[in-house]
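K.L.:
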DNA sequence: CAAGATATGTCAATATGGCTGACATAAATG
DNA sequence: CATTTATGTCAGCCATATTGACATATCTTG
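Residue numbers (the working numbering), protein chains in the order written: chain Z, 1 to 182; chain E, 183 to 364.
1. Looking at the structure shown, is residue 311 of chain E part of a helix, part of a strand, or coil, going by DSSP?
2. For residue 106 of chain Z, report the span of its alpha helix (DSSP H) as first-last.
3. Here's a check: name, in chain order, each residue in its chain whose Cβ is nearer than 7 angstroms to the Cβ of residue 167 of chain Z, leaving out the five neighbours to either side.
4. Beta strand (DSSP E) containing residue 212 of chain E: first to last residue?
5. Hey, how far is the Cα of residue 282 of chain E from the Cα of residue 352 of chain E?
6. How would you call residue 231 of chain E, buried or exposed, if buried means at least 16 neighbouring beta carbons within 10 angstroms?
7. Residue 188 of chain Z to residue 34 of chain Z, Cα distance in whole Å?
8. Name the DSSP bridge partner or partners of residue 316 of chain E?
9. Leaving aside the five residues before and after residue 123 of chain Z along the sequence, list all residues of the same chain whose C-beta is less than 7 angstroms from its C-beta, in chain order.
10. By how many angstroms is the C-alpha of residue 314 of chain E removed from the C-alpha of residue 78 of chain Z?
11. Got a sec, what are the start and stop residues for the beta strand (DSSP E) residue 302 of chain E sits in?
12. Closest to residue 67 of chain Z by CA distance: which of Z:148, Z:164, Z:130 and Z:151 is it?
13. If I follow the unbroken alpha helix (DSSP H) through residue 329 of chain E, where does it start and stop?
14. How would you call residue 233 of chain E, buried or exposed, if buried means at least 16 neighbouring beta carbons within 10 angstroms?
15. Thinking just about the alpha-carbon of each residue, which of E:236, E:330, E:258 and E:211 is nearest to the one in residue 302 of chain E?
16. Residues of the stretch 292-317 of chain E in Cβ contact with chain Z at a cutoff of 8 angstroms, in chain order, please.
17. Cα separation between residue 333 of chain E and residue 145 of chain Z?
18. How many angstroms separate the CA atom of residue 84 of chain Z from the CA atom of residue 135 of chain Z?
19. Look at the Cβ atom of residue 343 of chain E, then the Cβ atom of residue 45 of chain Z, and state whether they are nearer than 8 angstroms.
20. May I ask you to list the residues that DSSP assigns as paired with residue 169 of chain Z?
21. Please tell me whether residue 44 of chain Z has its Cβ less than 8 angstroms away from any Cβ of chain E.
22. Comparing alpha-carbon positions, which option in Z:118, Z:159 and Z:154 lies nearest residue 91 of chain Z?
23. Run down chain E in chain order and give the residues with a C-beta less than 7 angstroms from the C-beta of residue 139 of chain Z.
24. Am I right that residue 153 of chain Z and residue 335 of chain E are in contact with their C-beta atoms under 8 angstroms? What's the rounded C-beta distance?
25. Closer than 8 angstroms, CB to CB, is residue 59 of chain Z near chain E or not?
26. Based on the DSSP output, what are the partners of residue 76 of chain Z in its beta bridges?
Here's what the structure looks like:
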């Protein structure tokens, strides 16, 4: 059984090469540990849903669409493009599948009949809730391991990790607290 | 300027369809907000690096390889496959580029000469540190927004989000505290 | 009303980064 | 020597993303 060549994370001399990276933390202050934890935490977090989605012939892209349509009923296609930051061609494919298979329905906008307002069907609600259940279980386990007051700390940390310049409508709803329009 | 159709996240009736999702939280307890925050936080977090990587003709896959080789010098190819959970064919492509372009070097194992131990070159160190600098800036900004003691809470939360069954060598190093071998 | 802008949809081609299966080589192991 | 292990590679497939071009319906404006 081959011996182990892996050393613990070496306290690197931190050879930040090139001309002092713009706006970067000084040497020795890099958050290697948190960078790494975010990688693993997110990998396992989305892994929960990925596994379940396979049984439906769906991928992560479908989950993201279904999630936001569920959360923000009446979302327009253009809003979804903003939020997901993908092109309409990419969205088109997964959205068509979700529509064809009855997970989402479109309704023509009342004021602007060009718009297609998106809503999750009961079938769609069921799937997205199932996926959220798996992820919630993981989150609850993690929250149980920290100080009760820590939940708000984690929430605040995550919020502060998000770019707030040029927010889309969903981010406005999350942050704005009260500027959901304009 | 078309009116806004997006409502704030509706307190959904939470139609967990189908037979009570196995092991899932009960209705009304789903962590929709944290699920969503994780999506946005991770998107922007990796976005920092993604943008920079473009200039080098690299993608996320290259970053991940470079990161772990940097952090765990002497990592074997097989270890990297475990950590990244991809196939050797997939790894082969990006690893070959990183080797060809001088970001990583291989050294034949001392005990087992079949092994190729991986090390980041100064060029590789410079790139990975530059990327980590960008991400560290974001993390520092987020940490600055929470209680000083909150950093450890966040770290603990992230650690608890990670699967610990069948850990690879990197996770053993992160968690094991002292069982880096076997 | 006619002209232009907007919201959506679709066709075609391409890139990235995963995957499987098959096979080859070198070196360790029994 | 036979087998297993560590690595590499060829060939093809799939999902998801991209760009550019174009079509249609509808709203807005001069």
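In this text, a Cβ means the ideal position worked out from N, Cα and C, and glycines have one as well.
P.N.:
Working from what's here:
1. DSSP places residue 311 of chain E in helix when its eight states are reduced to three.
2. That residue, residue 106 of chain Z, is in no alpha helix (DSSP H); its beta strand (DSSP E) goes 104-108.
3. Only 175 meet the Cβ criterion.
4. For residue 212 of chain E, there is no enclosing beta strand (DSSP E), since its DSSP letter is neither H nor E.
5. Linking residue 282 of chain E to residue 352 of chain E through their CA atoms gives a straight-line distance of about 25 angstroms.
6. Looking at its Cβ environment, which holds 16 or more other Cβ atoms inside 10 Å, residue 231 of chain E is buried.
7. Not covered by the structure: residue 188 of chain Z. The range shown for chain Z is 1 to 182.
8. Partner residues in a beta bridge of residue 316 of chain E, as assigned by DSSP, do not exist.
9. Excluding residues within five positions, the ones whose Cβ falls inside 7 angstroms are 102 and 103.
10. Between residue 78 of chain Z and residue 314 of chain E, the alpha-carbon positions lie close to 33 angstroms from each other.
11. Unbroken beta strand (DSSP E) run through residue 302 of chain E: 298-302.
12. For residue 67 of chain Z, the nearest C-alpha among the options comes from Z:130.
13. Neither: residue 329 of chain E is in no alpha helix (DSSP H) and is coded neither H nor E.
14. Answer is exposed; the Cβ neighbour count stays below 16.
15. Considering only alpha carbons, the answer is E:258.
16. Those residues of the stretch 292-317 of chain E that come within reach of chain Z (Cβ to Cβ, closer than 8 angstroms) are 293, 294, 297, 299, 304, 305, 307, 308, 309, 311, 312, 314, 315, 316 and 317.
17. The C-alpha of residue 333 of chain E lies about 15 angstroms from the C-alpha of residue 145 of chain Z.
18. Rounded to whole angstroms, residue 84 of chain Z and residue 135 of chain Z show a C-alpha spacing of 19 angstroms.
19. Yes, the Cβ-Cβ distance between residue 343 of chain E and residue 45 of chain Z is below 8 angstroms.
20. For residue 169 of chain Z, which the question treats as bridged, DSSP gives no partner whatsoever.
21. Residue 44 of chain Z has a beta carbon lying within less than 8 angstroms of a beta carbon in chain E.
22. Nearest in C-alpha terms to residue 91 of chain Z, of all of Z:118, Z:159 and Z:154, is Z:118.
23. Going along chain E in sequence order, the residues near residue 139 of chain Z (Cβ under 7 angstroms) are 213 and 216.
24. Confirmed, Cβ separation roughly 5 angstroms.
25. For residue 59 of chain Z, not one C-beta of chain E is nearer than 8 angstroms to its own C-beta.
26. Paired residue(s): Z:117.
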